[in-house]
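Just so you know, the protein sequences line up as chains A and B, in that order. Residue 1 is where the first sequence starts when you use this note's numbering, and the numbers rise one by one after that. Residue 289 is where the second sequence starts when you use this note's numbering, and the numbers rise one by one after that. For every residue, glycine included, the Cβ atom is placed at its ideal position computed from N, Cα and C. None of the values given here were measured: they were computed from a predicted structure. Working notes for the structure below.
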Amino acid sequence: MQIKFSKAAFFLLPVGIPLTLFWIIPNLFSLGISFTDWDFMTNGFHFVGLDNYFNLFTQSSFKQALLNTLYFGFGTVIPTIVLGLGFALFFRKNFKGSAIYKLMIFSPWVTPTVAVSIVWSLLYEPKLGVINTVLGLVGIPGLDWLKSSETAMLAVIIVTVWKLVGWTMIFYIGALEKVPESLYEAASIDGANAWQKFRNVTLPMVSPTTFFLIVVNTIVSLQAYDQIKILTQGGPSGSTRTLLYLFFQQAFEQFDMGSATAIAFIILIITILLSFINKKIGDKWVNY
Amino acid sequence: MSNHKKTPIIIKHLFLAISSILFVFPFIWMVLSSFKTSSEVLQGGFWPKEFHWGNYQEVLGVIPFHTYIFNSFYTSLIITIYVLISSALFAYMLAFYKFKGKEFTFGVVMATYMIPGAVSYVPVYVMLAKMGMLNTHFGYIISLSVSVFGIFYFRQAFLKVGHEIVEAAKIDGASDWKILWKIVFPMTRSSFVTLGLVTFVENYNNYIWPALVLKDNDKKLITNGVADFFINSSLGRDWSHIMVASTIATVPLLLVFLVLQKWFLSGVSDSGIKG
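Okay, here's the thing in structure tokens:
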């Protein structure tokens, strides 16, 4: 159906006005700031061209944050997808008790990241924490977790995966329910074993969901802040400082707005790049 | 059932039971620790020797967490209601009408979804400051009143309703407003519930943006209250009191989730993605 914009305006403006005011204009404004050396205080802007962007690539803290972001991103997305699908496979058909298991695995997603990260920081305590106590019981020496630059990122990743697995699993359960039973029957007749059925029926049939979940979880992981703030504040010695964390430090601790917004746009470029790569690879393995 | 079929089922249940307990273990530990004395928390025992309900009184006596919870609930609720209505209106136009600039409008919405929220924080912060709306719930609420995800989600749901029904109603003389709320809404009710829950949870759990714009003590949200309580205690942590704060922040949402679980667990994934 055709409609004139003026008639559609009543339906479009309740989103359109705040979208313009709080998303579109600010983002364009940010892009502008990233070419200046604005510090929040001074009036007027001093144009510095691409200096902020070039300067970033000479700073070791930026390079470290970039690597940390990639480590954190892959370290979070891959286990989340694998575990999410793994658990979902159990729940393809409902059985007695399945609802309770799903409920428990999903529950972390509902809770505030800051509050549960505080609980995890107690669990991670090297001397008194439960995790090291349990490891000790089975004869594994405890780790320093958040206190060591070797293990801090791993600890942050564990918390993030813990929060995301249930959400991912629910999407996979929805996808698995839609796989026609006849495909499995046909595979059985052809003499396929469980692994072959998974490899040749399940994986291809859920590939659009996998693609979607990789994109969404990547965006979520690039935007992770709360758990890092609570667990490590980016430390020890910058080992858990991601690009987004660096952005906040530059913007609201250093008041270096130019450099901060430049970082934000680099995050955006990475997001677009990863989505694009994923799409390109996806064209090969996703069955639409 | 023969024996060799029973064993895998037992193993399956055992595996799932252990895994699910691991997932909720942090909550169990949190609640149990909140009833212990501080030194008892650090001794690492599982069950509290005695339940110290007084911990809750002590914490609530110092920090007004009940105010923070109220702030979080009501701001999230207003945001959720506005997001539901405005996204539905917008998605209705995208799903059922053609108009000049539609492709462009949808393109802009798509692009915005990719941009990290952080990109706009600085200008929006400055804008709220200039409008005198820093430290007000109103400023906070309007700055979060768009959900790009919501627009996508409703558009997918509405497309499934199909053009024919809308066009038939149109011929019968129904207005778009009526069609949306009397025909489309009843057919997509579960999408509304799901998006409502997701939006509410996300806003209730929001931390960094409210930390920047709501600084006054009586304006704070629960996430900021808990985080500040934790960060300010970095010298000499009273873990039992900190666990009380975390419990206060977490348990209300877990209860909401328990009551409405079927909507979370069935609706979330049903967003129209194939496969």
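Practice problem: State the DSSP-derived secondary structure class of residue 418/B, mapped to helix, strand or coil. | Solution: helix
Quiz item: Would you say residue 226/A faces chain B, with C-beta separation under 7 Å as the test?
Solution: yes
Practice problem: Compare the C-beta of residue 493/B with all C-beta atoms of chain A and state if any pair is closer than 7 Å. | Solution: yes
Practice problem: Might you give, ordered along the chain, the residues of its own chain that have their beta carbon closer than 7 Å to the beta carbon of residue 230/A, omitting 5 neighbours on each side? | Solution: 114, 117, 118, 121
Quiz item: Using a Cβ-Cβ cut-off of 7 Å (strictly less than) and excluding sequence neighbours within five positions of residue 289/A, which residues of its own chain qualify?
Solution: Absent from the structure is residue 289/A, since the part of chain A shown begins at 1 and ends at 288.
Quiz item: What does DSSP give as the partner residues of residue 2/A in its beta bridges?
Solution: 386/B
Quiz item: Which class does residue 36/A belong to by DSSP, given the choice of helix, strand or coil?
Solution: strand
Quiz item: Who pairs with residue 47/A in a beta bridge, going by DSSP?
Solution: 36/A
Quiz prompt | residue 536/B burial status per 10 Å Cβ neighbour count (16 or more: buried) | solution = buried
Quiz prompt | Proximity to residue 123/A [Cα-Cα], best of 349/B, 553/B, 530/B | solution = 530/B
Quiz item: Using a beta-carbon distance below 7 Å, is residue 289/B in contact with chain A?
Solution: Model confidence at residue 289/B stands at a pLDDT of 44, short of 50, so the residue's coordinates are unreliable; what they give is reported in the following sentence. Judged by the 7 Å Cβ criterion, residue 289/B is not in contact with chain A.
Practice problem: Check the Cβ-Cβ distances between residue 431/B and every residue of chain A, and say whether any is below 7 Å. | Solution: yes
Quiz item: Just how far apart, CA to CA, sit residue 425/B and residue 440/B?
Solution: 27 Å
Quiz prompt | Spatial neighbours of residue 152/A in its chain, beta-carbon cut-off 8 Å, leaving aside the 5 residues before and after | solution = 145, 146, 231, 232, 235, 236, 239, 240
Quiz item: So which residues of chain A does residue 455/B contact, with C-beta pairs closer than 8 Å?
Solution: 1
Self-check item: Alpha-carbon to alpha-carbon, residue 174/A and residue 299/B
Solution: 24 Å
Quiz prompt | Proximity winner among 381/B, 489/B, 502/B, 499/B, relative to residue 541/B (alpha-carbon distances) | solution = 489/B
Quiz prompt | Cutoff 7 Å: residue 385/B Cβ touching any chain A Cβ | solution = yes
Quiz item: Can you tell me the Cα-Cα spacing of residue 93/A and residue 181/A, whole angstroms?
Solution: 11 Å
Exercise. For my contact list, residue 544/B and residue 23/A are in at a C-beta cut-off of 8 Å; report their separation, rounded to the angstrom.
Key: In fact, because the Cβ distance is near 29 Å, the residues do not count as touching under 8 Å.
Quiz item: Are three or more beta carbon pairs between the region 312 to 330 of chain B and the region 520 to 529 of chain B nearer than 8 Å?
Solution: yes
Exercise. For residue 428/B, name the three-state secondary structure that DSSP assigns.
Key: helix
Exercise. Report yes or no: is there a C-beta of chain A within less than 7 Å of the C-beta of residue 434/B?
Key: yes
Practice problem: With DSSP collapsed to three states, give me the class of residue 402/B. | Solution: helix
Exercise. Say whether chain B places a C-beta atom closer than 7 Å to the C-beta of residue 102/A.
Key: yes
Quiz item: If you draw a straight line from the C-alpha of residue 306/B to the C-alpha of residue 98/A, how long is it?
Solution: 13 Å
Quiz item: chain A partners of residue 402/B, CB-CB under 8 Å?
Solution: 219, 268, 271, 272, 275
Exercise. Measure from the alpha carbon of residue 406/B to the alpha carbon of each residue in 260/A, 272/A, 270/A, then state which is nearest.
Key: 260/A
Self-check item: Terminal residues of the alpha helix (DSSP H) in which residue 101/A lies
Solution: 98 to 110
Quiz item: Beta-carbon of residue 169/A versus every beta-carbon of chain B: anything under 7 Å?
Solution: no
Quiz item: Skipping 5 residues on each side, what residues in its chain have a beta carbon closer than 8 Å to that of residue 57/A?
Solution: 63
Self-check item: Alpha-carbon to alpha-carbon, residue 442/B and residue 430/B
Solution: 21 Å
Exercise. Count the C-beta pairs between the region 64 to 84 of chain A and the region 490 to 506 of chain B that are closer than 8 Å, then say yes if the count reaches three, no if not.
Key: no
Quiz item: What in chain E is Cβ-close to residue 380/B, meaning under 7 Å?
Solution: The question asks about chain E, but that chain is absent: this structure's protein chains are A and B.
Exercise. Grab the span of the alpha helix (DSSP H) containing residue 343/B for me, first residue to last.
Key: 342 to 350
Quiz item: Touching or not, the region 412 to 426 of chain B and the region 268 to 279 of chain A, by the rule of three or more beta carbon pairs under 8 Å?
Solution: no
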